[in-house]
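Q: Residue numbers (our numbering): 584 to 915. All residues carry an ideal CB built from backbone N, CA and C; glycine is no exception.
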Ligand code: UT7
């Protein structure tokens, strides 16, 4: 009898730009201070992609290259590249297509997934389905955002939060039952009013007026989003544990979206997880939107052990949110 195929992560690659934007730099740009930012968000600095002509795909490329090197494969072996992003290089074509071309991933088809901070989880679930179906053997799932492209650096309520980065995982078939076990994804379009970009889409195409009104930047009602995020991320993570008959004790790691340290703490508490089991790098990178979760996996890769139960959880614009249960597939 053929064994069930699961989608295992078999390599991780990541990229963060060199340039750092610290809280002290922001103090010089807007009316804020290091103490406020650290105590309200947990962030100390973020990375910013600087340089003419550099876009989100230029972070996807080094992340995927690194993953290929680690796994010892050529980009030509990739069947599919999925990029979760809300800061695509262009409205179209997809950043995945542009990145695949730069990578020489000639045999891959690709597309972008627009699910804001849940972009990686949505993409991972899709990628895993492609592997589970038996149709594809090597699917790369990437979370990448150049948030600095859509941040208003005169708005102290948003410019302190976001940063740039990208990270990617390779999914391959597994017959030992390792990899993606389960996923609960949710969305609620009524959340659009609290977190969106007003112009640049078909509703309000770019015009002198939209530029003058600063409508091409992130609009966020922070307090409202905060309340939904705390509840949404904690509820869905608890639901995932319950559905899989697990408790916090069965979980080796929680990998939460890095939007605000207080949201992360609330989710960990709800799952009954101590701080030591929670991946946190928000202090270094801020909120890199779709990239936060894979960037954590990238940083913690060496500490992960084959068979570890890992919960990934996110909440973001849309609203979109969800949680995924993984069984880690290798020791580094
Ligand atoms: O990843 C996508 C989803 N996004 C999120 O999950 C973000 C969720 N929201 C948040 O993380 C938080 O709401 C923020 C970090 C954005 C803001 O923190 P907050 O604790 O909700 O602050 P607030 O907006 O309630 O503002 C509190 C006070 C206000 O002053 P008053 O009215 O109390 O006098 C603000 O004007 O802090 C003031 N304030 C600031 N002060 C110094 C707002 N921004 C700043 C700032 N520096 N940068």
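Express the C-alpha separation of residue 668 and residue 675 in angstroms, rounding to a whole number.
A: Translated into positions along the chain shown, residue 675 becomes position 92. Translated into positions along the chain shown, residue 668 becomes position 85. C-alpha separation (whole angstroms): 12 Å.
Q: Using 7 Å as the cut-off, classify the Cβ of residue 806 as near or not near the heavy atoms of ligand 1, replying yes or no.
A: Reading the chain shown from its first residue, position 223 is the one you call residue 806. Residue side-chain check: residue 806 places its Cβ nearer than 7 Å to a non-hydrogen atom of ligand 1.
Q: According to the Cβ coordinates, are residue 721 and residue 660 closer than 8 Å?
A: The residue you call residue 721 lines up with position 138 of the chain shown. The residue you call residue 660 lines up with position 77 of the chain shown. A contact, by the Cβ cut-off of 8 Å.
Q: Ends of the alpha helix (DSSP H) at residue 710?
A: Working through the chain shown from its first residue, we reach residue 710 at position 127. Residues 702–715.
Q: DSSP beta-bridge partners for residue 603?
A: As a working note, residue 603 is residue 20 in the chain shown. The partner list for residue 603 (beta bridge, DSSP) reads 630.
Q: Closer than 7 Å to a non-hydrogen atom of ligand 1 - does that hold for the CB of residue 740?
A: Within the chain shown, numbered from 1, the residue matching residue 740 stands at position 157. Yes, Cβ of residue 740 sits closer than 7 Å to a heavy atom of ligand 1.
Q: Put residue 907 into one of helix, strand or coil per three-state DSSP.
A: Your numbering for residue 907 matches position 324 in the chain shown. In this structure, residue 907 counts as strand in the three-state DSSP scheme.
Q: Name, in chain order, the residues that DSSP records as bridge partners for residue 802.
A: Walking along the chain shown from the start, residue 802 turns up at place 219. Under the DSSP definition of a beta bridge, residue 802 partners with 779.
Q: Beta carbon of residue 899, beta carbon of residue 731: below 8 Å?
A: Locating residue 899 in the chain shown gives position 316, counting from the first residue. Locating residue 731 in the chain shown gives position 148, counting from the first residue. It is not a contact, given that the beta carbons lie outside the stated cut-off.
Q: Any heavy atom of ligand 1 inside 7 Å of the beta-carbon of residue 904?
A: As a first step, residue 904 must be located in the chain shown, where it is residue number 321. No; taking the cut-off as 7 Å, the Cβ of residue 904 has no heavy atom of ligand 1 nearer than that.
Q: Report the three-state DSSP secondary structure of residue 761 (helix, strand or coil).
A: Numbered from its first residue, the chain shown carries residue 761 at position 178. Looking at residue 761 - three-state DSSP - the assignment turns out to be coil, as it is neither helix nor strand.
Q: Check whether the Cβ of residue 700 lies closer than 7 Å to any heavy atom of ligand 1, and answer yes or no.
A: In the chain shown, counting from the first residue as 1, residue 700 sits at position 117. The answer is yes for residue 700.
Q: Can you name, in chain order, every residue of its own chain whose Cβ lies under 7 Å from the Cβ of residue 774, other than the five neighbours on each side?
A: Taking the first residue of the chain shown as position 1, residue 774 is located at position 191. Hits under 7 Å: 811, 901 and 902.
Q: Rank 602, 650 and 726 by C-alpha distance to the C-alpha of residue 628 and give the top, closest one.
A: Translated into positions along the chain shown, residue 628 becomes position 45. Among 602, 650 and 726, the Cα nearest to that of residue 628 is on 602.
Q: With 16 as the cutoff for other CB atoms within 10 Å, does residue 635 come out buried or exposed?
A: Translated into positions along the chain shown, residue 635 becomes position 52. So residue 635 ends up on the exposed side.
Q: Can you have a look at residue 763 and say buried or exposed, based on whether 16 or more other CB atoms are within 10 angstroms of its CB?
A: Walking along the chain shown from the start, residue 763 turns up at place 180. Looking at its Cβ environment, which holds 16 or more other Cβ atoms inside 10 Å, residue 763 is buried.
Q: Any heavy atom of ligand 1 closer than 7 Å to the CB of residue 898?
A: For the purposes of this step, residue 898 is taken as residue 315 along the chain shown, with counting starting at 1. It does: the Cβ of residue 898 is within 7 Å (strictly closer) of some heavy atom of ligand 1.
Q: Measure from the alpha carbon of residue 586 to the alpha carbon of each residue in 666, 842 and 761, then state which is nearest.
A: Taking the first residue of the chain shown as 1, we reach residue 586 at position 3. The residue with the shortest Cα to Cα distance from residue 586 is 761.
Q: Let me know the secondary structure DSSP gives residue 889 once reduced to three states.
A: Translated into the one-based positions of the chain shown, residue 889 becomes position 306. Three-state DSSP puts residue 889 in coil, outside helix and strand.
Q: Could you say if the segment 687–706 and the segment 872–888 meet the contact criterion of at least three C-beta pairs nearer than 8 Å?
A: yes
Q: Tell me whether residue 967 is buried or exposed, calling it buried when 16 or more other Cβ atoms sit within 10 Å of its Cβ.
A: Residue 967 lies beyond the stretch modelled for the chain, which goes from 584 to 915, so this question has no answer here.
Q: Confirm the yes/no value for this check: CB of residue 778, any heavy atom of ligand 3, distance under 7 Å.
A: Ligand 3 is not part of this structure, which contains only ligand 1.
Q: For the segment 730–747 against the segment 606–620, are there 3 or more C-beta pairs whose distance is under 8 Å?
A: yes
Q: Any heavy atom of ligand 1 within a distance shorter than 7 Å of the CB on residue 623?
A: By 1-based counting over the chain shown, the position of residue 623 is 40. Correct: residue 623 has its Cβ closer than 7 Å to ligand 1.
Q: With 16 other CB atoms within 10 Å as the buried threshold, where does residue 841 fall?
A: Indexing the chain shown from 1 puts residue 841 at position 258. Under this definition residue 841 is a buried residue.
Q: What is the rounded straight-line gap between the Cα of residue 807 and the Cα of residue 786?
A: For the purposes of this step, residue 807 is taken as the residue at position 224 of the chain shown. For the purposes of this step, residue 786 is taken as the residue at position 203 of the chain shown. Using only the alpha carbons, I get a separation of about 24 Å.
Q: Do you know how far the Cα of residue 751 is from the Cα of residue 590?
A: Your numbering for residue 590 matches position 7 in the chain shown. Your numbering for residue 751 matches position 168 in the chain shown. Between the alpha carbons of residue 590 and residue 751 lies a distance of about 15 Å.
Q: So is residue 920 buried or exposed if we call it buried at 16+ other beta carbons inside 10 Å?
A: Outside the displayed range of the chain (584 to 915) lies residue 920, so it cannot be described from this structure.
Q: Is residue 729 buried or exposed, if buried means 16 or more other CB atoms sit within 10 Å of its CB?
A: Position 146 of the chain shown, counted from the first residue, corresponds to residue 729. Flag for residue 729 reads buried.
Q: If you reduce the DSSP assignment to three classes, tell me which class residue 774 lands in.
A: As a position in the chain shown, residue 774 is number 191, starting the count at 1. Helix, per DSSP.
Q: Using alpha carbons as the reference points, say which of 711, 656, 713 and 699 lies closest to residue 688.
A: In the chain shown, counting from the first residue as 1, residue 688 sits at position 105. Ranked by how close their Cα comes to the Cα of residue 688, the residues 711, 656, 713 and 699 have 656 in first place.
Q: According to DSSP, simplified to helix, strand and coil, what is residue 897?
A: As a working note, residue 897 is residue 314 in the chain shown. Note: residue 897 maps to strand in three-state DSSP.
Q: Report yes or no: do three or more beta-carbon pairs, one from the segment 843–855 and one from the segment 821–831, lie closer than 8 Å?
A: Segments in contact, yes.
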